[in-house]
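**Q** Below is one structure. I have some questions about it.
2 protein chains.
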Amino acid sequence: MRRDIFQAIADPTRRAILVLIAAQAMTPNSLAEHFDTTRQAVSKHLRILTECELVKQEYQGREIYYQLEINKMKEVDKWVEQFRKIWEDRFNQLDKVLSTIKKQKKC
Amino acid sequence: MRRDIFQAIADPTRRAILVLIAAQAMTPNSLAEHFDTTRQAVSKHLRILTECELVKQEYQGREIYYQLEINKMKEVDKWVEQFRKIWEDRFNQLDKVLSTIKKQKKC
DNA sequence: TATATACGCAACTGATTGGTTTCTCAAAAT
DNA sequence: ATTTTGAGAAACCAATCAGTTGCGTATATA
């Protein structure tokens, strides 16, 4: 069970679940209504997301509300950051080139 | 073959490949040296990454250099952004609370 | 020209995945 | 007290996946 956060967000249903509960905590049943699948399938996804600590449960009677654990999401952000730096650098370089051209036009 | 970029970066080897070629374009053989696996396995990963347009090939004689296509990576960044907004908002709210406490202390 | 190298492709294998069905348990409603 | 409802757990299945092995092809070198 070498489950990491990148594997967790690889599935489109799980990504949709995360977006949904980002707005408000939801139960498996109410989540399942948003998808063309059974509650059990959603439950399985929620288990995976819980294992990755991307969501946490809040018991309320016999209902379980799942809510987002936003902090874990920062790990993905952190990984993407190294690439963000690359395209920002390239943009800055392009910017330099453009301003050089501008200067040359002025002269 | 419903391969999307999130599935592509779900595999740790593929993530490592992306980081490696971010620094400089590399051939399948030189990439394989960095992992405990065969060239063919790396080649398969590269094929998936190519299909997702995360890398592109540059033929040079009988060698094929794979280089990063940074633009595709922005799709992941875009998806994470909606969550980034959430934790930034929460941080700002915390900031407000802290400054309110500060003010109360002053009075 | 013969040989070695770099590579992709196809077939195969064992492991994993997403999904369904069935079961059980606990809380709520009748 | 009985029934309904919300939910997790286990067993099962088809599809997919990561990796290996073997093969064919094109480029480089002897």
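Here the protein sequences come in this chain order: A and B. Residues in the first sequence are numbered from 10 upward in steps of one, following my numbering. Residues in the second sequence are numbered from 10 upward in steps of one, following my numbering. By construction, the Cβ of each residue, glycine as well, lies at the ideal position given by its N, Cα and C atoms.
1. Short check: CB of A:His43 to CB of A:Leu55, under 8 Å?
2. Can you tell me the Cβ-Cβ gap for B:Leu58 and B:Ile79, rounded? I've got them flagged as a contact below 8 Å.
3. Quick one, which residues of the region 19-31 of chain B are near chain A if we go by CB-CB under 9 Å, in chain order?
4. Which residues of chain B have a Cβ atom closer than 7 Å to the Cβ of A:Asp86, listed in chain order?
5. Is the beta carbon of A:Gln76 less than 8 Å from the beta carbon of A:Lys65?
6. List the DSSP bridge partners of A:Ile73.
7. Buried or exposed for A:Val89, going by 16 or more other Cβ atoms inside 10 Å?
8. Whose CA, out of B:Arg99, B:Arg23, B:Ala31, lies closest to the CA of B:Ala41?
**A** Quick look at the numbers:
1. no
2. Actually they are not in contact, since the Cβ atoms of B:Leu58 and B:Ile79 sit about 13 Å apart, beyond 8 Å.
3. Ala19, Asp20, Pro21, Arg24, Leu27, Val28, Ala31
4. Chain B residues near A:Asp86: Val89, Arg93.
5. Contact flag set, yes.
6. A:Tyr68
7. buried
8. Closest option to B:Ala41, Cα to Cα, is B:Arg23.
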